[in-house]
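For reference, the structure discussed in these notes is given below.
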Amino acid sequence: MNSEHLAGGRLTVDLGAIVENWKHLNRQSRPGKASAVVKANAYGLGISEVAPALAKAGCDTFFVALPGEGVKLRALLPEATVYVLNGIHSDVSKIMIENELRPVLSSYEHVGTWKGTHGAPCAIQVDTGMNRLGVSVEDAISLSSERPVNCTHVMSHFACADTPAHWLNNQQIEQFQLVSEKFSGVESSLSNSAAIISKGALGHDLTRPGIALYGGEAVNGMANLMQPVVSLEARIVQVREAKAGETVSYGATHTLKRDSRLAIVSVGYADGYPRSASGSGVPLRDTVQQGTFGAIRGHRIPLLGRVTMDLMCFDVTDIPTKDVDEGWIELLGPTMSIDDVARAAGTIGYEILTSFGARYARRSRNL
Ligand SMILES: *Cc1c(COP(=O)(O)O)cnc(C)c1O
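In structure tokens:
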């Protein structure tokens, strides 16, 4: 792990906030309960810290995407129920069994592969309208009577939960209801973060929150009530004076309108900070005029010109020198939310989180 002195940015993950967010979502899931989706290294925040903190708070069921993520999680949590969302292929069955990982089966092929395990637990995923993973509703109903595998969980996934009024939501709820009724005695889950917040557990036993645990916005246009989890600060490596009329960064795409003080920080797109968030000089700025901001002591400061691999430039002309001299600029935190940066970059908070690079000094704040 990079020490703070050696790194260009420091990333702080508030585990206490993640636990509070999980407890909130768990209450919203009543009379069901919440699991935790910790795929992609707990959305980039560090599964080794996040998963044990959630287990300690009472979370007993976890979802990952890949067998490798499951193996890592099993080493951290010997007791937890772990489902692997992306299914299986025959080469991996043995490792799944050895690590007591339960695959989420999404096709007859998956079911055929898992049949050979003679009773090891698994989940079945039903496609109710997203056309990503899952067996059809008809096939799921057949599987519910055939019972070829030891299915302990049946699930489906929303395509449009972030838009509660979308017509597809009700169709998916109804289609999944047809299936879950047939799997009597089998635990069921449907809601992701957005659905928990807008509709609760929808009568199912379990929910599967991801982004909301990590402080991200789940429902479009609804105030985000989750506690912020991530703070990312970039080290200022140089402060420079520049004259009106001069240009900034590659391509000379930003021309200074006034004599300016510029703070250069040592974070760039190689750290996963999106180049598309640049102040100018990227295609997105043809449609979305405003680039992103950083912040110093609660004051927003614009990012000027293009984000480069290891460096970027902020306008600190209006910031008191003593505050700039502290040497750090907030990239994400109390002033700049994940979703503000995501919007300026033409993406979603999920992608901001899961893109965090390996060069940051990472630390977690405990409960
Ligand atoms: C990623 C994922 C989730 C979590 O979704 P969020 O929107 O992050 O809450 C739940 N279920 C499935 C199947 C997923 O792939």
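Reading the sequence shown from the start, the letters are residues 156 to 522 in the numbering used here. Ideal placement from N, C-alpha and C gives every residue a C-beta, glycine not left out. What you are looking at is a predicted structure, and each value in this text was computed from that prediction instead of being measured.
Counting along the chain, residue 176 sits inside the alpha helix (DSSP H) bounded by residues 170 to 183. One Cα belongs to residue 241, the other to residue 169, and the distance between them is close to 28 Å. For residue 467, the uninterrupted beta strand (DSSP E) segment begins and ends at 467 to 470.
By the Cβ neighbour-count rule, residue 238 is buried, with 16 or more other Cβ atoms within 10 Å of its own. Relative to ligand 1, the beta carbon of residue 343 is positioned no closer than 8 Å to any heavy atom. At a cut-off of 8 Å, the beta-carbon of residue 280 counts as near ligand 1: some heavy atom of the ligand is closer than that. When distances are taken from the beta-carbon of residue 364 to the heavy atoms of ligand 1, the shortest one is below 8 Å.
Residue 164 has 389 as its beta-bridge partners, per DSSP.
Boundaries of the beta strand (DSSP E) harbouring residue 454: 454 to 459, taken from the DSSP string. Nearest to residue 192 by C-alpha distance, out of 216, 211, 186, is 216. The three-state secondary structure of residue 515, taken from DSSP, is coil.
Here residue 299 is not bridged, per DSSP, to any residue.
By the neighbour-count criterion, in which a residue is buried when 16 or more other Cβ atoms sit within 10 angstroms of its Cβ, residue 303 is exposed. Considered as a whole, the stretch 218 to 289 harbours 236 to 239, 256 to 260, 276 to 280 as its complete beta strand (DSSP E) runs of no fewer than 3 residues, in chain order.
Between residue 363 and residue 379, the C-beta gap is not smaller than 9 Å, which leaves the two residues out of contact. Close CB contacts of residue 316 within its chain, under the 6 Å cut and outside five residues either way in sequence, are with 347, 349, 350 (chain order). Assignment of beta-bridge partners to residue 310 by DSSP yields 280, 344.
Judged by DSSP in its simplified three-state form, residue 485 adopts strand.
With a cut-off of 8 Å on Cβ pairs, the stretch 430 to 443 is in contact with the stretch 486 to 503, counting three or more such pairs.
Counting only unbroken stretches of 4 or more residues, the alpha helix (DSSP H) elements lying wholly within the stretch 345 to 388 are 348 to 354, in sequence order. Secondary structure at residue 401: coil, using DSSP grouped into helix, strand and coil. Counting the other CB atoms within 10 Å of its CB gives residue 388 a total of 16 or more, which places it among the buried residues. Not one heavy atom of ligand 1 is found less than 8 Å from the C-beta of residue 354. Of the heavy atoms belonging to ligand 1, at least one sits nearer than 8 Å to the Cβ of residue 310. Of the residues 466, 374, 328, 176, the one whose Cα lies closest to the Cα of residue 318 is 374.
No heavy atom of ligand 1 is found nearer than 8 Å to the CB of residue 217.
In this structure, the CA atom of residue 329 is about 33 Å from the CA atom of residue 245.
Going by beta carbons, residue 290 and residue 261 fall inside the 9 Å limit.
Collapsing the DSSP output to three states places residue 159 in coil. By the Cβ neighbour-count rule, residue 396 is exposed, with fewer than 16 other Cβ atoms within 10 Å of its own. Comparing alpha carbon positions, the residue from 220, 355, 366 closest to residue 493 is 366.
The nearest non-hydrogen atom of ligand 1 is 8 Å or more from the C-beta of residue 295. Residue 426 is positioned such that its CB atom lies closer than 9 Å to that of residue 512. In this chain, the alpha helix (DSSP H) harbouring residue 498 covers 493 to 499. Residue 435 and residue 377 have their C-alpha atoms some 29 Å from each other.
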